[in-house]
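Chains as they are written, first to last, in the numbering used here: chain A, 601 to 929; chain B, 424 to 686; chain C, 4 to 270. Ideal placement from N, C-alpha and C gives every residue a C-beta, glycine not left out. The structure displayed is predicted, hence computed values, not measured ones. Take a look at the structure set out below.
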Amino acid sequence: MVNQILVNNLSKTYRVPERKPGLAASLKSLVRRTYRDVAAVRDISFAVEAGEMIGFIGPNGAGKTTTLKMLAGLLYPTSGEARVLGFTPWERRADYLRRISMVLGNKSQMLWEIPPLDTFRVLGEIYRVPPAEFERTLDELVELLEMQDLLTRPVRNLSLGERMKCELVAGLLYRPEVLFLDEPTLGLDVSMQGRLRRFLAEYNRRSGVMVILTSHYMADVVALCPRVILIHHGCLLYDGELSGLAERLAPFKLIRVALGNAQVRDGLDLPSGAEIIERENGRLTLRVARSKAPSITAYLLNALPVADLSVEDPPIEAVLDQIYEEGDA
Amino acid sequence: MNFRGGWALIKSTWLSWMQHRSFFFLLAFLWMISPLIYLFVWSTAAGDKTVEGLTRGEFVAYYLVLILVNQLTYSQTNWTVGDLIRDGRMNVLLLRPLSPLYDALSAEVASKVVYMAFAIPMAAILALVLRPELHVTPRGGLAFVPALALAGALRFFWGYWLALLAFWATRADALLALQDSLVFLLAGQVAPIALLPDLMQKAATVLPFRYMIGFPVEVLTGQLDGVELGIGFAFQAGWLGITLALFVAMWRTGLEHYSAVGG
Amino acid sequence: MRYLRLVRHFAEASAQNELAHRANFWISFLHSLLRPVVAVGTGVLGVVVLFGQVETIRGWDLPATLTLLGVYLTINALRGLFIGPSLDALTGMDGEVWTGRFDFTLLRPIDVQFLASFRHWRPFALVDLALGLGVLGMAVIELGQSLTLARLATFLLALGAGMTILYALLLAFAGLVFWSPGFLFTWIFDGVFQMARYPVGIYPGWLRLVLTWVIPVGMMTTVPAQALSGDLPAGMLIGGMILAMTLFIGASALFRFGLRRYASASS
Chain A
601 MVNQILVNNL SKTYRVPERK PGLAASLKSL VRRTYRDVAA VRDISFAVEA
651 GEMIGFIGPN GAGKTTTLKM LAGLLYPTSG EARVLGFTPW ERRADYLRRI
701 SMVLGNKSQM LWEIPPLDTF RVLGEIYRVP PAEFERTLDE LVELLEMQDL
751 LTRPVRNLSL GERMKCELVA GLLYRPEVLF LDEPTLGLDV SMQGRLRRFL
801 AEYNRRSGVM VILTSHYMAD VVALCPRVIL IHHGCLLYDG ELSGLAERLA
851 PFKLIRVALG NAQVRDGLDL PSGAEIIERE NGRLTLRVAR SKAPSITAYL
901 LNALPVADLS VEDPPIEAVL DQIYEEGDA
Chain B
424 MNFRGGWALI KSTWLSWMQH RSFFFLLAFL WMISPLIYLF VWSTAAGDKT
474 VEGLTRGEFV AYYLVLILVN QLTYSQTNWT VGDLIRDGRM NVLLLRPLSP
524 LYDALSAEVA SKVVYMAFAI PMAAILALVL RPELHVTPRG GLAFVPALAL
574 AGALRFFWGY WLALLAFWAT RADALLALQD SLVFLLAGQV APIALLPDLM
624 QKAATVLPFR YMIGFPVEVL TGQLDGVELG IGFAFQAGWL GITLALFVAM
674 WRTGLEHYSA VGG
Chain C
4 MRYLRLVRHF AEASAQNELA HRANFWISFL HSLLRPVVAV GTGVLGVVVL
54 FGQVETIRGW DLPATLTLLG VYLTINALRG LFIGPSLDAL TGMDGEVWTG
104 RFDFTLLRPI DVQFLASFRH WRPFALVDLA LGLGVLGMAV IELGQSLTLA
154 RLATFLLALG AGMTILYALL LAFAGLVFWS PGFLFTWIFD GVFQMARYPV
204 GIYPGWLRLV LTWVIPVGMM TTVPAQALSG DLPAGMLIGG MILAMTLFIG
254 ASALFRFGLR RYASASS
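Structure (C-alpha cells):
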C-alpha cells in the first residue's frame, strides 16, 4: 500500500476574476468583482505502482501540470483525494517532502553565480543527507550524466542542456522515491534530449524511483513511458499502453498506395469509409476505418494499377492532433 | 525637428506608463517622503516662532512646493538612457530617424504626467491638513515659470550627460550615490539654502544642484529679493550652458567610443 | 539546533553567490564601502544642519538625535543583512512569487516562513552595521550620560523589540504579495521607515500615533534611543514588547494565510 500513488476523483477548479475590456466595465469591477470558474482538472483517478514510469500527455492547458502540482503538494484540490507513499500531499509533511522531488523544465532552482556543487551542498543540508551518502549519490549521478567538469563552473556559464543536468542532480541527490518531471527536455537539442532520456531510463532501472513525466515531445514519452495517461480539458481520456492509445482513440489505419500509372488521379471511385488525406505524384495516402482496412485493401489491389501498398498504424502525433482538434471543436 | 513623430512617441509612451500607474504612484509616494520629513522637522522647529525669518506655515509652503517642483524636474535619464547603453539597445535607437534625445524626452514627459496625477492631489490634501502660508509676489509669480523651465532643462541635461558615462563605465553607481547625496544636501531638500551653515551655503550657491530644485521654490515662496533673483538666474543660465556643452561633448566622444568598441 | 546550522549554510552560500557576482572585485568592494559612507555622512550632516539653527527640537538636542540616527542606521543595516534580501527574493522585483520559482521553495521539507526569512544574506551590510554602530557609539559618548547596566539592558530589550517589529512589518507587507503578486508592497514600508530617522515626537499628533502604534517605526528607533538617554517613559518598553509579540504573531498568521491562498488560487 505504501509504495503507491493513488488518485481518486481529483478535481481542481479555480475562480478567475473576469476582466472585460472597456472603461465602463473596469469601473464596475471596482465595485463588484465577477468571477469565472475554470475547471483545470476534472475527476481524475489512477494508480501508480513502485518503479513505474508513466507519461502525462495532452495539449497545453489540459491540466497535466496542475495534477502534478497537486501530487507534489503545491496546490490544494477542490475535491477528491490522493495518497502518495501513504501521505496526503497537500498536508505538506516534512517526511513526505523529503521523499519526493520535482524538476521543472522551464525554471531553475540553482543558485546562479556559483558552481552547482555549492547548491547541491545546501540542498544536501536541507534534505538531511548524511555526508557519506551524499558523496556516493553525487558521484553516481555525475558519472551517469557525464558532468564531472561542470561541477566547478558557475551556473550562469553553463548551457541549457548542462543546466538541465544540474537540475536533475539537484532533484535526485537525496534519493527521492517519487520524481515529478514537468517538461524536462524543453528547449534542448536533439542529442541532449536523447542523453537525458537514456539517463532517466537507466536511473529508473537502478533505483526503482516512480516517475511521472509530462512532455510535449512524443519522443520522450515513446522512449521512456510504457504507460501513458492522456489528459484533455482536465479529463482523463486514456490510461494504458502507448500502443493501445492509437487503437483505442483512433480506430483507423493508413493505407499508402503507390500507383503504377500516374494518370489515374481524379475520379477515383473509392468505397465509403476511405478518405484521401494525401496525394502526391501518383502516391496516395488513405485513411480508412480499422475494420474496413482489409476489404478496402482488396478493392484497391483489384481496381487500381497498384505498384506498392502498405497498411500502417497512424503516428501517435496524428492521433493526438486529431483528438486535440476534436476536443477543441 | 520632427514634432509629429515626437508627439506620437510621447502619447504612446504615456499610455504604456499609465498601464503601470500603481508602480509609478508608489515611486511618486516614495520621492515625497524625504521632503515631507523635513517639512515636519522644520515646521516643528519653527513652532510658534521663526527660524531665519521663516514661520511654520512658510516652511510647510516651501516644502509642498518643493515636492511638486522636485517631481516636475526629476530626471530619469540614468535608467532610460543609461540602461539602453548598457543593454546595447542604444544601437536600435541610433538607427531611428528621431534622435535618442526624443526618446528620453518623451519618457520624461509621459512619466511626469503619471507622477503628477498622484503628486498634485496628495499635495492638495497635505495643504488642507497642514495649512501652509504662501505669499506669492507678482515678481515671484512671473519669475517662477522660467525658473522652473530652466531647472527642468538643467536637471534633464545634467542627468543625461552623467548617464552617458555608461558609454565608458558599465557601473557608475558610486558617482550616482554621490550625486544623490549632493542633491539632497545642496539643492534645498535637507533645508532651504538660507538655513545651511556658511560653508555649505557657499557651495550650494555655486554648484548646479540648487538651480535644479531649490531655486524655483525659493522664487515662488518669495525668499529672494530682486538682486538675489538676478544672480540666481545668472547662475542657472550659466550652468545650463555648461551642462549643454558637457552633454554635446560626451555625446560626440561617447558615440565614437561606443561604435569603436562595437556597442 | 539544526535550524542554526541551516542558517550558517545559507549565509555561506549567499556570501559565495554575492562575492562571485562581482566581476571586478576591488571596484565593487570600494563601491560597497563608498555608498554606506556617503549615506551615513549625509545623514549626519542633515542632523548637524538642523541643529545649526536650533538648540533643541521638542526636547531632543544634537547628541540625542544623533543617537537616534545611530539606532536607525544599525537597524537598517541588520535589515539589509538578511531579512531584507531574503524577503526581497520572495516578493521584490523578479521575486519568486512573481516568476513562479516559489514552487521550489514550497517543495522543501522546511518551514516556508523560516526559509523565506533566512535564506539570503548580504555580507556587505556588515559595513553599514559597523558604520551605524560607530555613529551610535560616538553619539552616546557625546550624550555624556552614564551608561548604567540597567540602561544598557533596557536599550537592548527595546532594540530587540524594535527588530521584531521590523521583521513582523516586513513579513506582513511581503505576505500581501499572495493577494496581489505584482505590487511592491515592501517599498511602502521603506518609505514609512524613512520617517524613523527623526524622533517620533517631532511629527504632529495624529502622525505620531500612527507611527508609534499602527506602523510602529517609531518603536524601532525612538524608543531604543530614549532608553539610552534615560528618557524612556515607564510603560513604553512593556508596551513595545507586547506590540512586538502581537505584530509577530499577526504577521506570521497573515503570511501562512497567504500561503494557503497561493496554494489554492495559483495554477
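{"Asked": "Take B/Ala451 as the anchor and find which of B/Leu495, B/Leu619 and B/Ala484 has the nearest alpha-carbon.", "Found": "B/Leu495"}
{"Asked": "Entirely within the segment 161-195 of chain C and at least 4 residues each: give me those alpha helix (DSSP H) ranges in chain order.", "Found": "none"}
{"Asked": "Note down, in chain order, each residue of its chain lying with its Cβ closer than 8 Å to the Cβ of A/Met601, except the 5 sequence neighbours on either side.", "Found": "Here the model assigns A/Met601 a pLDDT of 49, short of 50, so the residue's position is not dependable and the matter cannot be decided."}
{"Asked": "Return yes when the Cβ of A/Met702 is within less than 7 Å of the Cβ of C/Leu110, no when it is not.", "Found": "yes"}
{"Asked": "Pop quiz: A/Arg698 and C/Pro112 are said to be a contact at Cβ under 8 Å. What is the actual Cβ separation, rounded to whole angstroms?", "Found": "4 Å"}
{"Asked": "Suppose the cutoff is 8 Å on Cβ atoms and the five residues either side in sequence are ignored; what does the same chain contact list for C/Gly147 look like?", "Found": "Pro66"}
{"Asked": "Just by C-beta distance, which residues in the segment 228-250 of chain C are closer than 7 Å to chain A?", "Found": "none"}
{"Asked": "Which of helix, strand or coil does DSSP assign to C/Phe127?", "Found": "coil"}
{"Asked": "Just to confirm before moving on: does the CB-CB distance between A/Leu773 and A/Thr737 stay below 7 Å?", "Found": "yes"}
{"Asked": "Is it the case that the segment 8-18 of chain C contacts the segment 715-723 of chain A, given that we only count it when at least three CB pairs across the two stretches are under 8 Å?", "Found": "yes"}
{"Asked": "Of all the alpha helix (DSSP H) runs that stay within the bounds of the segment 792-851 of chain A, which reach a length of 4 or more residues?", "Found": "818-824 and 842-849"}
{"Asked": "Whole-angstrom Cβ separation of C/Val138 and C/Leu76, contact assumed at under 8 Å?", "Found": "6 Å"}
{"Asked": "Can you find a C-beta in chain A that's less than 7 Å from the C-beta of C/Ser31?", "Found": "no"}
{"Asked": "Run through chain C and tell me which residues come within less than 8 Å of A/Val722, C-beta to C-beta.", "Found": "His12, Phe13 and Ala16"}
{"Asked": "Just how far apart, CA to CA, sit C/Ile60 and C/Val43?", "Found": "21 Å"}
{"Asked": "Between the C-alpha atoms of A/Asn609 and B/Pro458, what's the straight-line distance to the nearest angstrom?", "Found": "60 Å"}
{"Asked": "Would you check if there are 3 or more beta carbon pairs closer than 8 Å linking the segment 558-574 of chain B to the segment 526-533 of chain B?", "Found": "no"}
{"Asked": "For C/Thr94, return the contacting residues in chain B, with the cut-off set at a CB-CB distance below 8 Å.", "Found": "Going along chain B, no residue has its Cβ under 8 Å from C/Thr94, so there is no contact; the nearest lies around 14 Å."}
{"Asked": "How about the segment 894-911 of chain A and the segment 844-859 of chain A: do they share at least three Cβ pairs that are nearer than 8 Å?", "Found": "yes"}
{"Asked": "Output the distance between the C-alpha atoms of C/Ala153 and C/Ala133, rounded to the nearest integer angstrom.", "Found": "24 Å"}
{"Asked": "Residues of chain B with CB under 8 Å from C/Ile191, in chain order?", "Found": "Leu449 and Phe452"}
{"Asked": "Does any C-beta atom of chain A lie closer than 7 Å to the C-beta of C/Leu110?", "Found": "yes"}
{"Asked": "Starting from B/Lys625, trace the beta strand (DSSP E) both ways and give me its first and last residue.", "Found": "Careful: B/Lys625 lies outside any beta strand (DSSP E), inside the alpha helix (DSSP H) at Asp621 to Val629."}
{"Asked": "Return the residues of the segment 597-620 of chain B that lie within a Cβ-Cβ distance of less than 7 Å from chain C, sorted by chain order.", "Found": "Ala597, Ala600, Leu601, Ser604, Phe607, Leu608, Val613, Ala614, Leu618, Leu619 and Pro620"}
{"Asked": "Going by beta carbon distance, what residues of the same chain come within less than 8 Å of A/Val769, once the five residues before and after it are set aside?", "Found": "Pro716, Phe720, Leu738, Leu741, Val742, Leu745 and Met747"}
{"Asked": "Below 7 Å between beta carbons: does that hold for A/Val641 and A/Met810?", "Found": "no"}
{"Asked": "Touching or not, the segment 662-671 of chain A and the segment 830-840 of chain A, by the rule of three or more beta carbon pairs under 8 Å?", "Found": "yes"}
{"Asked": "When burial is assigned at 16 or more other CB atoms within 10 Å of the CB, is A/Arg728 buried or exposed?", "Found": "exposed"}
{"Asked": "Could you tell me the boundaries of the beta strand (DSSP E) in which A/Gly614 lies?", "Found": "Note that residue 614 of chain A is Tyr in the sequence shown here, rather than Gly. From DSSP, the beta strand (DSSP E) with A/Tyr614 extends over Ile605 to Pro617."}
{"Asked": "Could you have a look at A/Ser910 and say whether DSSP puts it in helix, strand or coil?", "Found": "strand"}
{"Asked": "Pick from C/Val10, C/Phe54 and C/Phe176: whose alpha carbon is nearest that of C/Tyr201?", "Found": "C/Phe54"}
{"Asked": "Between C/Asn79 and chain A, is there a C-beta pair that is closer than 7 Å?", "Found": "no"}
{"Asked": "Check the Cβ-Cβ distances between A/Glu735 and every residue of chain C, and say whether any is below 7 Å.", "Found": "no"}
{"Asked": "Classify A/Asp820 as buried or exposed, calling it buried when 16 or more other Cβ atoms lie within 10 Å of its own Cβ.", "Found": "buried"}
{"Asked": "Could you tell me which chain B residues have their CB closer than 9 Å to the CB of C/Ile60, listed as they occur along the chain?", "Found": "Val464, Thr467, Ala468 and Gly470"}
{"Asked": "Under a Cβ-count criterion, where at least 16 other Cβ atoms within 10 Å of its own Cβ denotes burial, should C/Trp209 be classed as buried or exposed?", "Found": "exposed"}
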